[in-house]
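Chemist:
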């Protein structure tokens, strides 16, 4: 009897697994889509937009224009560290920050350290191989006025079939010349996941 029951159970599991179909549906990339409690593209985009709206509404920007006239502040993104419990592609979040800042029209951007190294290599190559009229000269780079740095942290609480995942993003804008913090931003996200029991 036990062997028959095990055989029937195994057969049912195989049939259930084998009958699964996979379908793909294209979605709007701006739509909110949560398939779990982990950090996702929507979190990245929404946090970047909210934090950039906050940083651009603070006194540092008005003070900069008061002391520099028509000059637009130049910002560079520094290190944004992932200190959360999961693997998060921080580069995507950094790109969302850059996009939101640059598209605001309130600041200009200097290339990041890795980008600058690639550009400098290209200028060296041009110095040897490009015509004198078209080769770009060294020593003309724009220096950043501010650097934006930050980190992403998380806390996970689990109890039975429930888990709460808490994210906190902290960003700091620093005056590069005076080494002075001019803005500190914080955004929190809390997600609740309830796992239902599997039923036949």
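In this note's numbering, the protein residues as written are 12 to 211. The beta-carbon is built from N, C-alpha and C at its ideal position, and this holds for glycine as well.
Inspect the beta-carbon positions of residue 90 and residue 198 and report whether they are closer than 8 Å.
Modeler: No, the Cβ-Cβ distance between residue 90 and residue 198 is not below 8 Å.
Chemist: Note down, in chain order, each residue of its chain lying with its Cβ closer than 7 Å to the Cβ of residue 67, except the 5 sequence neighbours on either side.
Modeler: Closer than 7 Å at Cβ, skipping near neighbours: 115 and 117.
Chemist: Can you name the start and end residues of the alpha helix (DSSP H) that residue 71 belongs to?
Modeler: 70 to 79 is the extent of the alpha helix (DSSP H) around residue 71.
Chemist: Hey, how far is the Cα of residue 172 from the Cα of residue 93?
Modeler: Between residue 172 and residue 93, the C-alpha separation is close to 27 Å.
Chemist: What's the gap between the Cα of residue 78 and the Cα of residue 186?
Modeler: The straight-line gap from Cα to Cα measures roughly 14 Å.
Chemist: Cα separation between residue 84 and residue 162?
Modeler: The alpha-carbon atoms of residue 84 and residue 162 are separated by roughly 23 Å.
Chemist: Which residues does DSSP pair with residue 183 in a beta bridge?
Modeler: Answer is 160 and 195, bridged to residue 183.
Chemist: What does the alpha-carbon distance come out to for the pair residue 141 and residue 176?
Modeler: Taking the straight line joining both Cα atoms gives about 54 Å.
Chemist: Nearest-angstrom Cα distance between residue 146 and residue 152?
Modeler: Looking at the two C-alpha atoms, the distance is approximately 14 Å.
Chemist: Going by DSSP, which residues form a beta bridge with residue 203?
Modeler: Answer by DSSP bridge pairing, in chain order: 175.
Chemist: Are the Cβ atoms of residue 107 and residue 69 separated by less than 8 Å?
Modeler: Against a cut-off of 8 Å, the Cβ pair of residue 69 and residue 107 comes out as no contact.
Chemist: Please classify residue 165: does DSSP put it in a helix, a strand, or coil?
Modeler: Three-state result, residue 165: strand.
Chemist: Under three-state DSSP, which class holds residue 118?
Modeler: Correct three-state label for residue 118: coil.
Chemist: Determine the contact status of residue 166 and residue 54, defining contact as a CB-CB distance below 8 Å.
Modeler: It is not a contact, given that the beta carbons lie outside the stated cut-off.
Chemist: For residue 46, I'd like the list of residues in its chain whose CB is within less than 7 Å of its CB, leaving aside the five on either flank, ordered along the chain.
Modeler: Low per-residue confidence applies at residue 46: pLDDT is 49, beneath 50, and the placement is therefore not dependable, though the value from the model is reported in the following sentence. Excluding residues within five positions, none has a Cβ falling inside 7 Å.
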